[in-house]
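If you want the working numbering, it's the position in the sequence shown, counting the first as 1, plus 1. Let me begin by presenting the structure, written as C-alpha cells, before commenting on it.
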Amino acid sequence: DLLGGAARDLTKTWKGQNIQEYLSELLDKLEQHSDIEVLLNAEVVGASGFVGNFETQVAVGNETKTVEHGIVMVATGGKAADTDEYLYGKNPRVTRWHEIEHDPEKLKNAEIIVFIQCVGSRDQNRPYCSRICCTASILQAISIKENNPDTNVFILYRDIRTYGEKECLYKKAREMGVVFVRYSLDNKPKVTEIENGLEVVVFDPILQKNLKIKADYVNLATAIEPVENAAISEFYKIPLNAENFFMEAHAKLRPVEFATDGIFLCGLAHYP
Ligand code: SF4
C-alpha cells in the first residue's frame, strides 16, 4: 500500500498549486522524521484508553503490534462510488473522475467531451451533495479548453455547487465557452453507443428541446462515499452519521474533533 490517499490522483488544487510536488515533499519529510513510524498494509484490530494514554492493536502481516499513543487522528478517507449508469464499465469512452486525465492522448484528439454531474449523488440512495465534484469537473473542463480551445466541452448538471470563491471557476469556464446544460433527476441524460463515439441526449430546459450531442468521451462525476468505517467507530467509540462518514463534535464550533477528548478527524473521512 502507498501513502497519499486520494491526493495521488490529483494534479493541482483549484488555486493551481501542484499537488504531486507537495505530496512528494511531505512524504520525504515523513520518511526522514525520526519520531514517525509508518506501518503500511496495516489494520486497526482493537483499541482502548483515553487522551494521553491510548493503546491500539494494529495487525501488520501476520503480526499484531500494540502502539501506545496520546491522541488519535482519524483519516480513513473516502472514494468515488462505482456506477453502472451511462454505460460506465461497458464502454471505454465512458470514464469517471480523473480517469479521463490519465490518458492525455484521448483528450488531444477529442472534439466533444461531456461531463455528467451528480451521478449517484443527491438521489434516494445518497441524498447528500458530494461537494467537490462540480469544482473538479469545471477544473477539468478549463484545463481541456486551455490545452485545446477548439474542443467542445459540455457539463450536464443539476445544480452547480462551486462553493465559496470557487464560483470564479464557474464564471471562467463559461467565459471560455464551456456549455452548461441543466437536467433534472426525473429526466436524466441518456448515453448510447454509436459508431465511433457516444450519443448523449439531454433535455434543455431553456430551449425546451432535447439536445443530441455526439461525444467522443463522457466523464462521470460519481458520488463520494465513505470507506468501511464501522470498526474504527466502534473501537474508539466515535459516531458516524447516517451516510457512514464520521461525525464531528459540533459542525461550527468543533468541526475537526470528536466529543471524546484527544480524537480528531480530517479529510474525506469527515465528509467531502
Ligand atoms: S458537488 Fe455538484 S456534482 Fe457533486 S453532488 Fe454536489 S451538485 Fe452534484
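Think of the CB as a built atom: it goes at the ideal place given N, C-alpha and C, for glycine as much as any other residue. This structure is a prediction, so every number in the text was calculated from the model and none was measured.
Any chain C beta carbon closer than 8 Å to residue i
| i | result |
| --- | --- |
| Leu28 | Absent here is chain C; the protein component of the structure consists of one chain. |
8 Å Cβ cutoff met for residue i and residue j
| i | j | result |
| --- | --- | --- |
| Gly79 | Leu269 | yes |
| Gln18 | Thr12 | no |
| Pro267 | Ala137 | Reading the sequence as shown, one finds Cys at residue 267 and not Pro. Taking 8 Å as the Cβ cut-off, Cys267 and Ala137 do not qualify as a contacting pair. |
| Glu258 | Ala250 | yes |
| Glu56 | Glu44 | no |
| Asn242 | Asn230 | no |
Residue i (DSSP reduced to helix, strand or coil)
| i | result |
| --- | --- |
| Pro227 | strand |
| Ala222 | strand |
| Arg9 | helix |
| Phe247 | strand |
| Arg132 | coil |
| Leu199 | strand |
Proximal residues to residue i (C-beta, below 6 Å), its chain only, five neighbours per side dropped
| i | result |
| --- | --- |
| Thr193 | Glu200 |
| Leu88 | Val95, Val192 |
Chain-order list of residues whose beta-carbon lies under 8 Å from that of residue i (same chain, five-residue window excluded)
| i | result |
| --- | --- |
| Arg159 | Gln118, Cys119, Arg123, Arg183, Tyr184, Ser185, Leu186 |
| Thr65 | Val46, Gln58, Val59 |
| Trp15 | Thr136, Leu140, Lys167, Leu170 |
Bridge partner(s) assigned by DSSP for residue i
| i | result |
| --- | --- |
| Gln58 | Gly47, Thr67 |
| Ile156 | Phe116, Phe181 |
| Glu258 | Phe265 |
| Leu40 | Its beta-bridge partners do not exist; DSSP assigns none. |
| Ile20 | DSSP, once it has assigned bridges, lists no residue as partnering Ile20. |
| Leu241 | Phe247 |
Close Cβ partners of residue i (< 7 Å) along its chain, the five nearest in sequence each way excluded
| i | result |
| --- | --- |
| Ala274 | The chain is shown only over 2 to 273; residue 274 falls outside these bounds and no answer can be derived. |
Is it true that the region 233-240 meets the region 253-267, where meeting means three or more beta-carbon pairs spaced less than 8 Å apart? yes
May I ask you to verify whether the region 105-115 touches the region 211-219, counting CB pairs closer than 8 Å and requiring at least 3? yes
Are the region 143-157 and the region 100-109 touching by the rule of at least three beta carbon pairs closer than 8 Å? yes
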